[in-house]
Every structure is written in C-alpha cells, then in structure tokens.
Amino acid sequence: MTETAIFKDGDADRHFRAKWFANRALIYGVLILWAVICLFPIYWTITTSFKMAPNVMKGNMIPWVDYDPAWLGWRSLGLSPDTIGAESTVRDEFMKRFLNSTVTALVSSTLAVILGSLAAYGLSRFSYKFGWMKNDDISFFFLSQLILPPVVLALPFLVLYKEMALLDTRIGLILLYTLTVLPIVIWIMRDQFAGIPTELEEAAMVDGLGVWGAFFTIILPIALPGMVAAFILSLVLTWNEYFFAALLTSTHANTLPVMVASQTGSQGISWWSMAALSTAAILPLIVIGVVLERFIIKGMAAGAVK
Amino acid sequence: MSVMSGADHLHIVTSDDISSSRIRLGKALIWGSAALLAAVGLAQTAQVMGWRDFGFQTWRPTLYAYCLWATALCWAQVIIRGEQGKRTLFVLPAALFVVSLTVFPLLFGLVIAFSSWNLSSPDGRQFNGMANLVQMWNDPFYWNAMGNMIWYVLAILVEYTIAFGLALLLNAQIRARKFFRVAFLLPLMLSPVAVSWMVGKSMLEARFGPLARLARWLGWDNPSFFGSPEMAKFTIMVMDAWTFIPFMMIMLLAGLQAIPKELTEASRVDGAKGWRSFWEVTFPLMLPVSITAILIRIIFKLKLADIVINVTSGGPGGATDTVTSFIFREYRDRSNVGYGTMLAMVYLVLIVIFMTVLMKVAARYARPRT
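Chains as they are written, first to last, in the numbering used here: chain A, 821 to 1126; chain B, 3 to 372.
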C-alpha cells in the first residue's frame, strides 16, 4: 500500500505517474464509499426526524432542496421549539427514559472500572492463591465471563430479581451491566498495568507509602488514559444494551433502547417521531465517538497487540 | 513477623505485628456476619416452606445480609492478615461480585432448567425431570436457530476480510486520516435497536426506503430484503457486519501499526511488492492479532439478538433466528422459565466446548512460524 510513496522523484516516467494516480484514486474511492456507507444511515436518521409523512413516502433526502424541514418528529417528543416551554407528558416520559439510560450506563461503567482496575492491578502485581486458583486461573475466570451469553443469565435473574423485588429497578440493571462489562475492563486494564514498570511503586514504598497509597498516588495517574478508554467502551456497551433491559424492566426503569423498540402505534409507525427518538438515542454516543475517538481506539487496541 | 513476598512481581518487605486479639476480632467479624446471613436465610426458607411466618415480603433481607457478609469478609482480610490482606483486597471485591452474580444464578439456573415454571401461574415451580430435555430434542426451531448460528459465525470470515482491507487503507499514506477513522468507527457506537429500526425497517422499507430505491435503480424490480429466507438471513448478516466491522478494523489497525517499519522496508528491498509483500510479510505478522480479533468477534456474534428481535423477530419461518432471540420469544410467548433456561444452558455448554476447541486450534496456529 505504501510503496507508491517512495517513487516521488522527478525521473519517474509518465506511465508510472498514471499508475500512481490510478492507485490513489482507487484508495480514496474506496475510502469515500465506505465513509458514505457508515455515515448515510446516521444522516438518514437525523434528516427523517425533520420530515413529514409525504416527505417520508416520497423518499426525499436533502432538506431545503427537496423538502422543507418541519419539527413534526420533535414535536411528538415535546422537544420542538414551540413545545419545549409547555407541559408535555411525552417529554416527561422521554426524559425519564433518558435519565434511566444515563444513570444505569454511568453508574455501571464507573463500578466496573473501579472493580476491574483494582482486580487487574492486583493480578498484575501480586501472586494470589484463592483455594486452588492461582493468578492465571483467576485471570481466566474473570475473562471467561465474556463468553457467557446473556440468555443464560437472563431467566435465572428474572426469577431471582422477582423474589428480591429488584425487577424493574435501576439497581438491578446496574448490577447486571457491571457484570457484563467487567471482563472487558479487566482485559484492558491488565494490559495497561503490565506496561507500567514496578520500580515506580517500589520507589514510592521506600518513601513510606503503603500498597494502596502507592496505587492511588503513583499508578492511578499514569493508568488514567487506559481507565478512560475502558470507561468509554463500557459506556457504549451499557448505553446500547437492550436484551436485559427488555426482559427485566417494564415501567419504571425502562431505558431508551426499550422505548425505541416499543414505538409501534396503532396506525403503523410514525417514522418522523421514531427518527427523532432514535436520534436522541444515538446522538450522545456519536458526540462521544467524535470527541473521544482517540480513547476508544486505544481501548480496543489494548488487548490486540502484545 | 516479616514476610518477603518471593514470587510477586513487586518486591517489598513487609513487617506486620498482628496481635492475637486482632485476629480473633477479624474471625469474629467473618463468622458473625456469616451466622447472621445463615439465620436470615434459614428464617426466609422456613417462611417459604410454610413452617413459620416471619412476615418477610421479599428475599431482600437475605440480600442485605449477604452484602454485609461480603463487606465483613473483605474488611476482615486486612484485620487478620495485615499487609497480605491489603493485597487480597485488590482482587477480592471483583471476585466476590462476579461469583455472586454468575456462579449462584448459574447453579440456580440448573435447578430451574429441570422444572416447569410458568411465572404468571400460581402453581409455582414443578420439577419435571428430563421432560425439558426431551422437548428440546424434538424442537425443530431450536436446532434451526442453532444451524443459523453456524451461518452467522461463518459470515465473520467475510467481515474479517473487509475489516482487514479497511485497516490496510487507513494505514496507508492518506490525507484526512482522522476523519476517515472517526467515520468508520461511528457504526459501532450506535444502539443496535436504533439501527434495526432506522436501517432495518426504514431504509430497507420496500416502497420508500432509500436502499430499496437504490436496488430498483440498479435493476432489481421488486426489492424485498426480508422476503425469502436466504435474503433475510443475508440482510441480518449485513446489518450486523455493518455495526461490528469497525471493531475488527480497529484491532487490525493497531496490529498493523505495531509492525516495525524495518520489516516492511527490508522486504521491499528484497523485491517483494504488492500482493507478495502482503502475503509473505504482513499477513503472517498479523496472524496473532487476526486470531484474537476473530475470536472476540465470534464471542460477540454468539450473543447476537437485538437486531433479530427488532427487525424480523426470527422470521420468515425462523430463517433469521438466533438462539438468543429464539429463547427470548419462547419466554415472551409462553412465559415458561424452565424450558427457556434449559435451552440456554445447553447453548452455554455447546459454546464452551466450541470455544475451547477453537482456542486450542488457534493457539496452535498463532505460534509464530520459525
């Protein structure tokens, strides 16, 4: 791929020039094509939220050119400029779901990062023996949770939560979400801590700090970017989670994905309000993706390269 | 008492003087809270069995007692074992958390799996032995869903090829690399539910969806993306691939960037160009990363459900069903927890066997060629 770049010297013949340009054109053609494939559905979702029924049916695509944007979709959520000041039960409903999603995603990601970082640090520094399990076994035990499909836990949890009155509560969801992202956090953080030389803590302990003191004052600041990466990845997974939320919540602790999935009215689907709702569900993560892309890539790359 | 931690990666000498009264306090803490947990648990069991009424509404008191015991256990580590205990404290909370949230429900699930339990009926749980297994054996839809999973997993090879191609492009000398990287990453960030509605139901709508229009313009007279079983399965595969290709792409990109420049340059000096350079230098170097990426992708693929539940709900005729979406509907329709749990348990066993074999095979191939 990169070998074309070294032949930029002037005595290259015209034939080679042409080949080089063709090559470049091909690369950029493919890149742009894939960028369109990735971005068009997002564009479609956002523009559809400003359409009216005939625009949707005619398949108009470009606002102001082939249709006039209207606030129809956002009005149905009570979020358009003319309804934003007024009382709206739909908006309250939407805000409740939005808040549920935010709280469960943030709390469970935070919990997972705390528990996971501590465990990963311990496993990378000390040798343990829990019964017959040594460090490698404990690591494997944590990571093997990744294989566990949600269905296996879903029905037993349904029954257990029913007995413990945790069904349809945020705490119930938070516990499960923490569990599902914990292996990923441990995986990323193990890699992070392994990259930090132990001499740092040793120096700190000579200076009189304890194990935990050294961890908080010396290691934590160094490992912070990795923790941010793990946190954001967890946030993405928990914000988008649908399966557990659909099974374990009904009215109080519903998250946004559940609300999106249950939007079938009696007269078919009103695409504009569906699109507005979907936009609201994906926009926070799109913003995070654009702003914090560096961390996400860092997090996902952590376990890949050894 | 001075302990030298020999096998640890971190070499520290610790000196702890732990009095016997302190050890006794720690032990009392653990056993006291354990006794409380046992007492509450027993009382609740007694009430459920109908021996005596303690006025419990839910099993929450047992839950609280359990949390108390777990906290006491962590705290007592430090009291009893001093410095060693402080180290245990790093791993113990996570271990307790995972054990209590997976091992216990799994054991409980085993009990449920061998019973008939309709949550909405007042009869409660009834042990029914092997009946669920027999029913499963004769359930064509379950095995059909299992067969679909094989196709879905095989589709990963195509996803991998595309992801590798994109990673190579992003690793080439291009302008606006950051823009392309962000754009390629975005599908992964989107909620599968929103994707299944806005892409699966809106963009693929046979009459007005932009993709249906495109298909008609390309000469497909009557585009129907979910009409035939093969087409529906293919469409689900494409939508799932769309969201997860960025994931593999980024792992592969990280692998490409970790290849030392000298290696590719040396191969170029040796005269390897284009395809040959790729097959003989880049691809073998990327093998370990590729295998990791594919294994993780398989794990995620085996959990595929959201898109299927929302777009096709398994149809037409179960052609797009995944095991997860099938069990989801099975529960929704009949609300029989027992049968669903049995299906899930069998699925888990099959997955564990499959992944173990796969990892063994992969470990063999991942070894660098000498």
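The beta-carbon is built from N, C-alpha and C at its ideal position, and this holds for glycine as well.
- Asn120 (chain B) is bridged by DSSP to B:Asn338.
- The three-state reading of DSSP puts Pro883 (chain A) in strand, counting E and B together.
- In this structure, Thr245 (chain B) keeps its C-beta atom at 8 Å or more from the C-beta atom of Leu206 (chain B).
- Of the candidates B:Tyr68, B:Ile301, B:Ala96 and B:Ala321, B:Tyr68 places its Cα closest to the Cα of Trp33 (chain B).
- Contact annotation: Leu98 (chain B) and Ile862 (chain A) have beta-carbon atoms that are not nearer than 8 Å.
- Taking the Cα of Tyr941 (chain A) as reference, the smallest distance to any Cα among A:Leu999, A:Ile1008 and A:Leu919 is reached at A:Ile1008.
- The bridge partners DSSP lists for Phe950 (chain A) are A:Met953.
- In this structure Asp19 (chain B) is exposed. Its beta-carbon is surrounded by fewer than 16 other beta-carbon atoms within 10 angstroms.
- For the pair Trp1092 (chain A) and Met872 (chain A), the CB atoms are nearer than the 8 Å cut-off.
- If you draw a straight line from the Cα of Ser900 (chain A) to the Cα of Ala906 (chain A), it comes to about 10 Å.
- Counting along the chain, Gly1033 (chain A) sits inside the alpha helix (DSSP H) bounded by residues Val1031 to Ala1034.
- Look at Gln128 (chain B) here: in three-state DSSP terms it is strand.
- Pro231 (chain B) sits in a helix when the DSSP states are folded into three classes.
- By the neighbour-count criterion, in which 16 or more other beta carbons inside 10 Å mark a residue as buried, Arg945 (chain A) falls on the buried side.
- Taking 8 Å as the upper bound on Cβ-Cβ separation, chain A lies near residues Arg270, Lys275, Gly276 and Ser279 of the segment 270 to 285 of chain B.
- Taken in chain order, the whole beta strand (DSSP E) runs of length 3 or more contained in the segment 9 to 87 of chain B are 15 to 17.
- With a cutoff of 8 Å on beta-carbon distance, Leu258 (chain B) and Ala364 (chain B) are scored as not near each other.
- Neighbours of Tyr997 (chain A) in chain B, taken as residues whose beta carbon is under 9 Å from its own, are absent, since the nearest beta carbon is some 11 Å off.
- Scanning the segment 998 to 1077 of chain A from its first residue to its last, no whole beta strand (DSSP E) run of 3-plus residues comes out.
- No Cβ-Cβ contact shorter than 8 Å links Leu254 (chain B) with Val283 (chain B).
- Using a CB distance cut-off of 8 Å, Met191 (chain B) counts as an interface residue toward chain A.
- Close partners of Ser1098 (chain A) in chain B (Cβ separation under 7 Å): Ala196, Trp199 and Met200.
- Residues of chain B with a Cβ closer than 8 Å to the Cβ of Phe1013 (chain A) do not exist; the shortest Cβ-Cβ separation is about 10 Å.
- Taking C-beta atoms as the reference points, Ser198 (chain B) and Ile353 (chain B) fail to come closer than 8 Å.
- Close to chain A, meaning a Cβ-Cβ distance shorter than 9 Å, are the following residues of the segment 172 to 184 of chain B: Leu172, Asn173, Ala174, Gln175, Ile176, Arg177, Ala178, Lys180, Phe181, Phe182, Arg183 and Val184.
- With distances taken between CA atoms, Pro889 (chain A) lies nearest to A:Pro874 out of A:Leu897, A:Pro874, A:Thr903 and A:Gly898.
- Gly1015 (chain A) and Ile1006 (chain A) have their C-alpha atoms some 14 Å from each other.
- With the criterion set as a beta carbon lying under 8 Å from some beta carbon of chain A, the members of the segment 113 to 124 of chain B are Ile114, Trp119 and Leu121, in sequence order.
- Taking 8 Å as the upper bound for CB-CB distance, Leu65 (chain B) and Gln79 (chain B) are not in contact here, some 22 Å apart.
- Within its own chain, the residues whose Cβ lies closer than 8 Å to the Cβ of Leu38 (chain B), once the five positions on either side in sequence are excluded, are Ala67, Leu70 and Trp71, listed in chain order.
- Ala985 (chain A) carries a coil assignment under DSSP once its states are collapsed to helix, strand and coil.
- Taking a Cβ-Cβ cut-off of 8 Å, the neighbours of Ala96 (chain B) in chain A comprise Leu935, Gly936, Leu938, Ala939, Phe962, Leu1002 and Ile1006, given in sequence order.
- Your pair Leu975 (chain A) and Gly126 (chain B) does not check out as a contact, with CB atoms roughly 15 Å apart and the cut at 8 Å.
- Taking one beta carbon from each stretch, the segment 920 to 930 of chain A and the segment 1070 to 1081 of chain A have 3 or more pairs nearer than 8 Å; the two touch.
- Sequence-distant Cβ neighbours of Phe328 (chain B) in its own chain, meaning closer than 8 Å and more than five residues away, are Phe143, Tyr144, Ala147, Gly316, Gly320 and Leu345.
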